[in-house]
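> Structure below; questions to follow.
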Amino acid sequence: MNNIFVNIAGLCRAVFTWLADLLHLPDIMVDIAMVAVYWLAIVIVCVLCALFYVVWERKLAGYIQRRPGPNRLGPNGWLQTIGDAIKLVMKEDIVPAGADKPIHLLAALLAFVPPMLALAAMPFGEGMTALDLDLGVVYIMAVTTLASLPVLCAGYASNNKYAMMGALRVVNQAISYEVPQALAILNIVLVAGTFNLNGIIDFQTEHVWLIILQPVAFVVYLISALAECNRAPFDLPEGESELTAGVFTEYSGMRYALFYLAEYCNMFVAAGLATTLFLGGFTGPFLPGWVWFLLKTFVIMSLFIWVRWTLPRIRADYVLRFCWKVLVPLMLANLLVTGVVVYILA
Numbered sequence: 002m003n004n005i006f007v008n009i010a011g012l013c014r015a016v017f018t019w020l021a022d023l024l025h026l027p028d029i030m031v032d033i034a035m036v037a038v039y040w041l042a043i044v045i046v047c048v049l050c051a052l053f054y055v056v057w058e059r060k061l062a063g064y065i066q067r068r069p070g071p072n073r074l075g076p077n078g079w080l081q082t083i084g085d086a087i088k089l090v091m092k093e094d095i096v097p098a099g100a101d102k103p104i105h106l107l108a109a110l111l112a113f114v115p116p117m118l119a120l121a122a123m124p125f126g127e128g129m130t131a132l133d134l135d136l137g138v139v140y141i142m143a144v145t146t147l148a149s150l151p152v153l154c155a156g157y158a159s160n161n162k163y164a165m166m167g168a169l170r171v172v173n174q175a176i177s178y179e180v181p182q183a184l185a186i187l188n189i190v191l192v193a194g195t196f197n198l199n200g201i202i203d204f205q206t207e208h209v210w211l212i213i214l215q216p217v218a219f220v221v222y223l224i225s226a227l228a229e230c231n232r233a234p235f236d237l238p239e240g241e242s243e244l245t246a247g248v249f250t251e252y253s254g255m256r257y258a259l260f261y262l263a264e265y266c267n268m269f270v271a272a273g274l275a276t277t278l279f280l281g282g283f284t285g286p287f288l289p290g291w292v293w294f295l296l297k298t299f300v301i302m303s304l305f306i307w308v309r310w311t312l313p314r315i316r317a318d319y320v321l322r323f324c325w326k327v328l329v330p331l332m333l334a335n336l337l338v339t340g341v342v343v344y345i346l347a
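Taking this note's numbering as reference, the numbering of the sequence shown is continuous, increasing by one, and the terminal residue is 347.
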């Protein structure tokens, strides 16, 4: 059970190798086919997790607010997301007359690209990393930075003042909170001594979970992740009371659904990276590694949801002031202390 997905990948490679020999194809075609299989698996996992977390958020929000939540479609309402997806697919796809139509469409499609690229380097289990990079941490930080680009394109292409204002808020917030997030991750790299994600997991297996050694970095990372994913209390880009729907004002139907799912995919990446860096990754007793990874990620995602339905939206100037005057100095001080301790113990 631990190696079920690894065995499936090995079986796929054996089949592709047999077909390549049968058709006299070069060996590189086998590698190309395996890359396609890995990407297909990443897309399926990401979309299924996003669909689950959509309905889980609605159920958990109902529990927090002491109401039933979705309870009609499927057993106790657990199939509500499927019904919502069908509804959005069947809705008319309206594009404003003054919009830049190619970019308007392309922005919705590109919203999925950064989380997919990030998940390619995420270790889901033993031997379950599509791209096991020596600089895996740097790679994920780089590709997740691109998540604000499709949103900026959507705001620009919509030819709407509310959408453009929301897009500028996204970029402003993302650029600001990437700094404390990067500093928090740098503390982990300094302690573990490697940028390789599997190497960081091995360090935690041999010693202790890094949330114990770096609790301040963990809290700052979670706060920065909430801001990066535009989740409350940092949901300024789509503040309903100020910007109607913000960036997504001129989106409807399937294009809106793509942005909605991409938001949960970005949350899944942020929670998965927190699991890998602070909670020992896929390690754990009795259960398969990929189950432990999903369980730990589920806890982090539930924490994101709990914060969203508990705290009010923060004013825009307070958001940036909190970042640059509190989080960044705090992480610089934490980095200094960590460096001194690591140097002494080394």
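Even for Gly, the Cβ is constructed at its ideal location relative to N, Cα and C.
Let me make sure I understand the geometry here. Which of F283, L223 and A131 has the alpha-carbon closest to that of I33?
The sequence position of residue 33 within the sequence shown is 32, counting from 1. Of the candidates F283, L223 and A131, the one whose C-alpha sits nearest the C-alpha of I33 is A131.
> Sort R256, V343 and A347 by Cα distance to K102 and report the nearest one.
What you label residue 102 is simply residue 101 of the sequence shown in a count that begins at 1. Checking every option, the nearest Cα to that of K102 belongs to R256.
> Put Q81 into one of helix, strand or coil per three-state DSSP.
Along the sequence shown, read from residue 1 onward, the residue named residue 81 stands at position 80. Helix at Q81.
> Tell me the rounded alpha-carbon separation between R314 and N8.
As a working note, residue 314 is residue 313 in the sequence shown. As a working note, residue 8 is residue 7 in the sequence shown. Taking the straight line from one Cα to the other gives about 47 Å.
> Excluding the five sequence neighbours on either side, which residues of its own chain have a C-beta within less than 6 Å of the C-beta of L134, listed in chain order?
As a position in the sequence shown, residue 134 is number 133, starting the count at 1. Counting only Cβ-Cβ distances below 6 Å, and skipping sequence neighbours, we find A122 and Y140.
> Only counting runs of 4 or more residues, tell me where the alpha helix (DSSP H) segments fall wholly within the stretch 315-339, in order along the chain.
The qualifying runs are 317-323.
> Taking all protein chains shown into account, decide if H105 is buried (16 or more other Cβ within 10 angstroms of its Cβ) or exposed.
Taking the sequence shown and counting its residues from 1, the one referred to as residue 105 is at position 104. Buried, by the Cβ-count rule.
> Classify V320: buried if its beta carbon has 16 or more other beta carbons within 10 angstroms, exposed otherwise.
Within the sequence shown, the letter at position 319 stands for residue 320. It is buried - the Cβ of V320 has at least 16 other Cβ atoms within 10 Å.
> Report the three-state DSSP secondary structure of F279 (helix, strand or coil).
Here residue 279 is taken as the residue at index 278 of the sequence shown, counted from 1. Three-state result, F279: helix.
> Measuring straight from C-alpha to C-alpha, what distance separates G348 and F305?
The requested residue 348 is not part of the displayed model; the chain covers only 2 to 347.
> Can you list, in chain order, the residues of its chain with a C-beta nearer than 6 Å to that of V44? Leave out the 5 residues immediately preceding and following it.
Mapped onto the sequence shown, residue 44 falls at position 43. Same-chain partners within the cutoff: there are none.
> Using the three-state DSSP reduction, which class does Y261 fall into: helix, strand or coil?
Here residue 261 is taken as the residue at index 260 of the sequence shown, counted from 1. In the structure shown, Y261 sits in a helix (DSSP, three-state: H, G or I).
> Please classify T311 as buried or exposed, where buried requires at least 16 other C-beta atoms within 10 Å of its C-beta.
Along the sequence shown, read from residue 1 onward, the residue named residue 311 stands at position 310. Answer is exposed; the Cβ neighbour count stays below 16.
> Please list the segments of the alpha helix (DSSP H) lying wholly inside the stretch 128-166, counting only runs of 4 or more residues, in order along the chain.
Correct list: 137-146 and 149-158.
> Do N188 and A218 have their C-beta atoms within less than 8 Å of each other?
Walking along the sequence shown from the start, residue 188 turns up at place 187. Walking along the sequence shown from the start, residue 218 turns up at place 217. Result yes, Cβ atoms of N188 and A218 sit closer than 8 Å.
> Take G75 as the anchor and find which of W210, R67, V56 and A148 has the nearest alpha-carbon.
Here the question's residue 75 lines up with position 74 in the sequence shown. Nearest of W210, R67, V56 and A148 to G75, Cα basis: V56.
> Select from L328, Y261 and V138 the residue whose C-alpha is nearest the C-alpha of A51.
Numbered from 1 along the sequence shown, position 50 holds the residue referred to as residue 51. Ranking L328, Y261 and V138 by Cα distance to A51 puts Y261 first.
> Nearest by alpha-carbon distance to G137: which of I202, W325 and A109 is it?
Position 136 of the sequence shown, counting from 1, holds the residue named residue 137. For the residues I202, W325 and A109, the minimum Cα distance to G137 belongs to I202.
> Could you give the first and the last residue of the continuous alpha helix (DSSP H) run that contains H208?
Taking the sequence shown and counting its residues from 1, one reaches residue 208 at position 207. Looking at the DSSP string, H208 is not in any alpha helix (DSSP H), and its letter there is neither H nor E.
> Please state whether DSSP places Q66 in a helix, a strand or coil.
Within the sequence shown, the letter at position 65 stands for residue 66. Here Q66 sits in coil by DSSP.
> Between the beta-carbon of V192 and the beta-carbon of L214, is there less than 8 Å?
For this step, residue 192 is matched to residue 191 along the sequence shown. For this step, residue 214 is matched to residue 213 along the sequence shown. Cβ atoms of V192 and L214: closer than 8 Å.
> To test your reading of the DSSP string, which unbroken alpha helix (DSSP H) runs of 4 or more residues are found completely within the stretch 178-239?
Listed in chain order, they are 198-207, 211-214 and 216-229.
> Between V36, G285 and A228, which lies nearest to A148 when the distance is taken from Cα to Cα?
The residue given as residue 148 occupies position 147 in the sequence shown. Comparing Cα positions, the closest option is A228.
> Among A233, S253 and A183, which residue has its Cα nearest to the Cα of L274?
By 1-based counting over the sequence shown, the position of residue 274 is 273. Of the candidates A233, S253 and A183, the one whose C-alpha sits nearest the C-alpha of L274 is A183.
> My understanding is that A21 touches D28, with C-beta atoms under 8 Å, so please give their C-beta distance in whole angstroms.
Numbered from 1 along the sequence shown, position 20 holds the residue referred to as residue 21. Numbered from 1 along the sequence shown, position 27 holds the residue referred to as residue 28. Yes, they are in contact, since the Cβ atoms of A21 and D28 sit about 7 Å apart, within 8 Å.
> DSSP on N173, reduced to helix/strand/coil?
Here residue 173 is taken as the residue at index 172 of the sequence shown, counted from 1. Three-state DSSP puts N173 in a helix.
> Could you tell me whether the Cβ atoms of I334 and E251 are closer together than 8 Å?
Along the sequence shown, read from residue 1 onward, the residue named residue 334 stands at position 333. Along the sequence shown, read from residue 1 onward, the residue named residue 251 stands at position 250. Before going on, a small fix: residue 334 reads as Ala here, not Ile. Contact flag unset, no.
> Distance, Cα to Cα, M2 vs G128?
Position 1 of the sequence shown, counted from the first residue, corresponds to residue 2. Position 127 of the sequence shown, counted from the first residue, corresponds to residue 128. Only weak support exists for where M2 lies, its pLDDT of 49 falling under 50; the value from the coordinates is given anyway. Looking at the two C-alpha atoms, the distance is approximately 13 Å.
> Under 6 Å Cβ to Cβ from R170, same chain only, skipping five residues before and after it: list those, please.
Taking the sequence shown and counting its residues from 1, the one referred to as residue 170 is at position 169. These residues qualify, in order along the chain: L237 and P238.
> Sorted by chain position, which residues of the same chain lie with C-beta nearer than 7 Å to W291's C-beta, five sequence neighbours on each side aside?
Within the sequence shown, residue 291 is the residue found at index 290, counting from 1. Cβ neighbours of W291 beyond the five flanking positions: F6, F125, G126, M129 and F283.
> Excluding the 5 residues preceding and the 5 following L336 in the sequence, name in chain order all residues of the same chain whose CB lies nearer than 8 Å to its CB.
Along the sequence shown, read from residue 1 onward, the residue named residue 336 stands at position 335. Closer than 8 Å at Cβ, skipping near neighbours: L184, L187, N188 and L191.
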